[in-house]
Amino acid sequence: MPLMPGAEPYHHDAGEVGVLLCHGFTGTPQSLRPWGEFLAGHGVSVSLPRQPGHGTRWQEMNRTRWEDWYAEVEKAFADLQGRCADVFVAGLSLGGCLALRLAEVHGAAIRGAVLVNPSIANDVPLLKLAPLLKWFVPSVPGVANDVKKPGVTELAYSRTPVKAAASLPGLWSLVQADLTKVSQPLLVFHSVDDHVVKPTSVAIIRQKVPQVTIEELTDSYHVATLDNDADRIFAGSLDFIRTHASVPLQRD
């Protein structure tokens, strides 16, 4: 099925330090591409895959579940691990949840994680009804494009596929149950004004992961990687990677 222009995955080989970027639910690699290009420009190998069902039509996404999206980032992690001495994971929204799951599963094989407005809790009333709604309606209004910066548009679906959304509680429950397994350093960027993900997720992470640093973003909405605080996220993640990598970046 044809891709939306701009929804293509992004990959860059730079050196021995790599980062896997995970985009969000109903989104595309477009929301993280500037982040990936910034890190690539500073000597980091970058893998930014497109998750199954994303970047085409929301009807296709209804044929996928969280296991499909996780399998894609797991595959990308294995590939990056085979080429880099150190691997970091990062993600936006549900992509942050997928990155956390990778950290839980792979332990010391992942040097650290950077999350932007991660979603790990079922705190949206409509999503709580998704397991029932999926039998009656195929989609509901979308949650994409929550950006404060004028003139910026997130490339994502305008509708939320209900069958796909109904699989999310299973992932959230799994990630929450295993949060105590996260032993890596964790950096979380949290928008104070987020119209998509409530503060519940960050509160849970703060409670269960002792080695976490949380930085508040005051000038961005949910898709902060395309918003006014994007430069702060990019620079902060680069410093985090430099600090926790066991080998220098290619340009260091």
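Residue numbers (this note's numbering): 8 to 259.
The C-beta atom is built at its ideal place from N, Cα and C for all residues, glycine as well.
**Prompt:** Helix, strand or coil: which one does DSSP assign to valine 230?
**Reply:** Valine 230 falls in the coil class under three-state DSSP.
**Prompt:** From which residue to which residue does the beta strand (DSSP E) around glutamine 49 run?
**Reply:** Here residue 49 is histidine; the residue named in the question, glutamine, does not match the sequence. Note, histidine 49: premise wrong, no beta strand (DSSP E); not H, not E.
**Asked** Is the Cβ-Cβ distance between glycine 149 and tryptophan 73 less than 9 angstroms?
**Response** In this structure, tryptophan 73 does not lie closer than 9 angstroms to glycine 149 by Cβ.
**Asked** Is the stretch 213-229 touching the stretch 154-170 in the sense that three or more CB pairs, one from each, lie closer than 8 angstroms?
**Response** Touching, yes.
**Request:** Leaving out five residues on either side along the sequence, give the residues of the same chain with a beta carbon under 7 angstroms from the beta carbon of alanine 171.
**Result:** Correct list, in chain order: Gly60, Met68, Asn69, Thr71, Arg72.
**Prompt:** Going by the CB atoms, is the gap between glutamate 161 and glycine 34 shorter than 9 angstroms?
**Reply:** In contact: glycine 34 and glutamate 161 (Cβ atoms closer than 9 angstroms).
**Asked** For glycine 13, which of helix, strand or coil comes out of DSSP?
**Response** It is coil, neither helix nor strand.
**Message:** In whole angstroms, give me the CA-to-CA distance for isoleucine 221 and glycine 243.
**Reply:** So the alpha carbons of these two residues sit roughly 11 angstroms apart.
**Message:** Is leucine 256 close to chain C? Criterion is C-beta to C-beta, closer than 9 angstroms.
**Reply:** No chain C appears in the structure shown, which is made up of a single protein chain.
**Message:** Quick check: the Cα distance between glutamine 183 and valine 230, rounded to an integer number of angstroms?
**Reply:** If you draw a straight line from the Cα of glutamine 183 to the Cα of valine 230, it comes to about 22 angstroms.
**Item:** Nearest residue (CA-CA) to asparagine 235, options Gly62, Gly13, Pro12, Pro41
**Value:** Of Gly62, Gly13, Pro12, Pro41, the smallest CA-CA separation from asparagine 235 is found for Pro41.
**Request:** Using the DSSP secondary-structure output, state which residues sit across from arginine 40 in a beta bridge.
**Result:** None; arginine 40 has no bridge partner.
**Request:** Taking only the alpha-carbon atoms, compute the straight-line gap between glycine 89 and valine 144 and give it to the nearest angstrom.
**Result:** The alpha-carbon separation between glycine 89 and valine 144 amounts to approximately 43 angstroms.
**Asked** Under the three-state reduction of DSSP, which class applies to glutamate 223: helix, strand or coil?
**Response** For glutamate 223, the three-state secondary structure derived from DSSP is strand.
**Prompt:** Closest by CA to phenylalanine 247, which one among His19, Val96, Gln58?
**Reply:** Ranking His19, Val96, Gln58 by Cα distance to phenylalanine 247 puts Val96 first.
**Asked** DSSP state of leucine 105, grouped into three classes?
**Response** In this structure, DSSP gives leucine 105 a helical state, which the three-state scheme calls helix.
**Request:** State the start and end residues of the unbroken alpha helix (DSSP H) segment that holds valine 123.
**Result:** Counting along the chain, valine 123 falls outside any alpha helix (DSSP H), though it belongs to the beta strand (DSSP E) covering 119-123.
**Request:** Starting from glycine 130, follow its DSSP beta bridges and name the residues at the other end.
**Result:** The amino acid at residue 130 is misidentified as glycine; the sequence shows aspartate. DSSP lists no bridge partner for aspartate 130.
**Request:** Taking only the alpha-carbon atoms, compute the straight-line gap between cysteine 104 and valine 80 and give it to the nearest angstrom.
**Result:** Looking at the backbone, the Cα of cysteine 104 and that of valine 80 are separated by about 11 angstroms.
**Three-way DSSP call (helix, strand, coil) for glycine 243 in this model** = In the structure shown, glycine 243 sits in a helix (DSSP, three-state: H, G or I).
**Item:** Residue burial classification, aspartate 93 (beta-carbon count within 10 angstroms, cutoff 16)
**Value:** Counting Cβ neighbours within 10 Å, aspartate 93 comes out buried, since at least 16 surround it.
**Range of the contiguous alpha helix (DSSP H) that encloses phenylalanine 84** = From DSSP, the alpha helix (DSSP H) with phenylalanine 84 extends over 73-88.
**Prompt:** Near aspartate 130, what residues of its chain come up, given a Cβ to Cβ distance below 7 angstroms and the 5 sequence neighbours on each side ignored?
**Reply:** Excluding residues within five positions, the ones whose Cβ falls inside 7 angstroms are Lys205, Thr207.
**Message:** Can you give me the C-alpha to C-alpha distance between serine 54 and glutamine 37, rounded to a whole angstrom?
**Reply:** Just so you know, the alpha carbons of serine 54 and glutamine 37 end up roughly 13 angstroms apart.
**Item:** Backbone CA spacing between serine 198 and phenylalanine 32 [nearest angstrom]
**Value:** Taking the straight line from one Cα to the other gives about 17 angstroms.
**Request:** Please report how far the alpha carbon of glutamine 214 lies from the alpha carbon of valine 112, in whole angstroms.
**Result:** Those two C-alpha atoms are separated by around 20 angstroms.
**Prompt:** If you draw a straight line from the alpha carbon of leucine 194 to that of valine 219, how long is it in whole angstroms?
**Reply:** Looking at the two C-alpha atoms, the distance is approximately 6 angstroms.
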